[in-house]
Amino acid sequence: LSSMSNNSFSLKISGQDKFGNTNTIVQHIPISSVYASKSSILGMDKLTIDIPKDAVSSDQRVVLIPAESTVTPRQAELELIEELPSLLHPLSLNKSSQIQGSLSSVSPSQLPTNAGLFTLVDGEWAFVSKLQWTGDNSFQASSSHLGPMALFKDPVSPRIEMLGIKDRDKLEFLVEDFGSGVDWQNTYFQNGSERYIGQLDEKSQLYQVQIPQSVNRVEGHLISSDRIGNQIHSSLIQANISRVFQFQPGIYPNPVRNQMNFELNTNFIPDSAEMYVYDSSSRLVYSQSLNLGGVRDTYTWDLRNRRGGEVKNGVYFLRLKVTENGRTHKKDLKFAVLK
5 LSSMSNNSFS LKISGQDKFG NTNTIVQHIP ISSVYASKSS ILGMDKLTID
55 IPKDAVSSDQ RVVLIPAEST VTPRQAELEL IEELPSLLHP LSLNKSSQIQ
105 GSLSSVSPSQ LPTNAGLFTL VDGEWAFVSK LQWTGDNSFQ ASSSHLGPMA
155 LFKDPVSPRI EMLGIKDRDK LEFLVEDFGS GVDWQNTYFQ NGSERYIGQL
205 DEKSQLYQVQ IPQSVNRVEG HLISSDRIGN QIHSSLIQAN ISRVFQFQPG
255 IYPNPVRNQM NFELNTNFIP DSAEMYVYDS SSRLVYSQSL NLGGVRDTYT
305 WDLRNRRGGE VKNGVYFLRL KVTENGRTHK KDLKFAVLK
């Protein structure tokens, strides 16, 4: 290292390959002190960082190294535009710094609109700010976190998957974006002319839209954007919102099988369900708790009683008991066993 002068030093690097070819480069590396009481400007060719006063609680020394000295890892859904000169060590600020620069690898006619400034945090590129083009190939952005920096293009919109209806009146979605990240402030459900703002469940990381009490049917789209501005509309979603529990059982005829198949249809998943089989004298023949996997489940009974023996020919009654939210609902069906 050369001796420091004018808050900078020069780094001279020489190398030789296996064929004897040699090369030497000299990198000019600025050093700056960031003080709480005054603004600091740190810069090198084609990049300037203006750090405002009160950005740190005490003075700190920072080093700005050239882009050629950094290693930029790749990340899904992001396309590298250009690496930037970066701080050697990450620096978190109490106020945002203004970053201005110009590109050397992109012509003015090729400037992307979906471009942003990213900083490297724990090995992943984190979105910081959308770029504003100020003329030719010059840009500006702002950030309260400085460190390894690069400009990326994010051409991919978020992905939306509807998972179903929860708690009778909540539409539940999985929304993902592996580029700049989902902009939750610009994510909502559009039901005709009505707009419903949802919430992100922090535990499940699912986006839930509460349907108003006065609405019994929705027909619309979930609309979401990423932080760069790419927007997506989900496929058309049509759903009836029923706040009163309903269930409808049914029996499949089985003329050649030694079993009975029946189904349980509900408008939302209940807490528990049980089946009871009685003979024509109202004696209990068989009972079982039912596993609940969805709003429509199919079950099979092998026509054996509680002791494991085969039931006799005759008329039987199937009682289905369903419990939801502390309330019990019952329905009876009649069937015959003929062998």
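One point on numbering: in the numbering used here, the residue at position 327 of the sequence shown is 331, and numbering is uninterrupted. Where a beta carbon is used, it is the ideal one built from N, C-alpha and C, also for glycine.
query, result
"Let me check understanding here. Comparing Cα to Cα, which of 95, 134 and 152 lies closest to residue 72?", "152"
"Can you tell me whether residue 72 is helix, strand or coil according to DSSP?", "helix"
"Which residues in the same chain have their Cβ closer than 8 Å to the Cβ of residue 63, if we skip the five residues on either side of it in sequence?", "37, 38, 39 and 40"
"Rounded to the nearest angstrom, how far is the Cβ of residue 195 from that of residue 224, given a contact under 8 Å?", "4 Å"
"Relative to the C-alpha of residue 237, which residue among 58, 296, 228 and 290 is closest?", "228"
"Whole angstroms are fine: how far does the CA of residue 241 sit from the CA of residue 219?", "15 Å"
"Decide if residue 25 is buried, meaning its Cβ has at least 16 other Cβ atoms within 10 Å, or exposed.", "exposed"
"Write down every uninterrupted run of the alpha helix (DSSP H) in the region 101-155 whose length is 4 residues or greater and which is fully enclosed by it, in chain order.", "none"
"What first and last residue would you give for the beta strand (DSSP E) that runs through residue 39?", "No beta strand (DSSP E) holds residue 39; DSSP gives it neither H nor E."
"Below 8 Å between beta carbons: does that hold for residue 88 and residue 105?", "yes"
"CB residue 119 to CB residue 155, shorter than 8 Å?", "yes"
"In three-state DSSP terms, what is residue 249?", "coil"
"Return helix, strand or coil for residue 267, following the three-state DSSP convention.", "strand"
"Is the beta carbon of residue 344 less than 8 Å from the beta carbon of residue 341?", "Residue numbering for the chain in the displayed model covers 5 to 343; residue 344 lies beyond these limits and cannot be assessed."
"As a quick exercise: from 216, 251 and 339, pick the residue whose alpha carbon is nearest that of residue 317.", "339"
"With DSSP collapsed to three states, give me the class of residue 227.", "strand"
"Any chance the region 247-255 sits against the region 328-336, with 3 or more Cβ pairs inside 8 Å?", "yes"
"Pull up the CB-CB distance for residue 334 and residue 232, whole angstroms please, since I reckon it's below 8 Å.", "Not really, about 55 Å apart at Cβ, beyond 8 Å."
"Should residue 68 be listed as close to the ligand ZN, given that the test is whether its C-beta is under 7 Å from any heavy atom?", "For the structure depicted, the ligand ZN is absent and the ligand set is empty, with no information on it obtainable."
"Can you tell which of 175, 111, 55 and 28 has the C-alpha that lies nearest to the C-alpha of residue 96?", "55"
"Is there contact between the region 135-152 and the region 168-181, where contact requires at least three CB pairs shorter than 8 Å?", "no"
"Runs of 3 residues minimum, wholly inside the region 296-337: which ones carry the beta strand (DSSP E) assignment?", "300-305 and 318-328"
"Does the beta-carbon distance from residue 67 to residue 92 come in below 8 Å?", "yes"
"Roughly how many angstroms lie between the CA atoms of residue 214 and residue 200, to the nearest whole one?", "7 Å"
"Any idea if residue 108 is buried or exposed, counting beta-carbon neighbours within 10 angstroms, 16 or more meaning buried?", "exposed"
"With a CB to CB cut of under 6 Å and the five nearest residues on each side skipped, what residues in its chain are close to residue 221?", "244"
"So, are the CB atoms of residue 115 and residue 137 less than 8 Å apart?", "yes"
"Within 10 Å of its beta-carbon, does residue 288 have 16 or more other beta-carbons around it, so buried, or fewer, so exposed?", "exposed"
"What does the alpha-carbon distance come out to for the pair residue 1 and residue 160?", "Nothing about residue 1 can be read from this structure; the chain reaches only from 5 to 343."
"Which whole-angstrom value is the C-beta distance of residue 48 and residue 77, which I expect to be below 8 Å?", "Between residue 77 and residue 48 the Cβ distance is about 23 Å, and since that is not below 8 Å, they are no contact."
"Leaving aside the five residues before and after residue 12 along the sequence, list all residues of the same chain whose C-beta is less than 8 Å from its C-beta, in chain order.", "32, 33, 34 and 35"
"Three-state secondary structure (DSSP) at residue 261?", "coil"
"Who are the Cβ neighbours of residue 101 in its own chain at under 8 Å, not counting the five residues just before and after it?", "53, 54, 55, 56, 59, 146, 147, 148 and 150"
"Assign residue 21 to one of three DSSP states: helix, strand, or coil.", "coil"
"Use the C-beta contact count for residue 17: other C-beta atoms within 10 angstroms, 16 or more gives buried, fewer gives exposed.", "exposed"
"Going by the DSSP bridge assignment, what does residue 195 pair with across the sheet?", "198 and 224"
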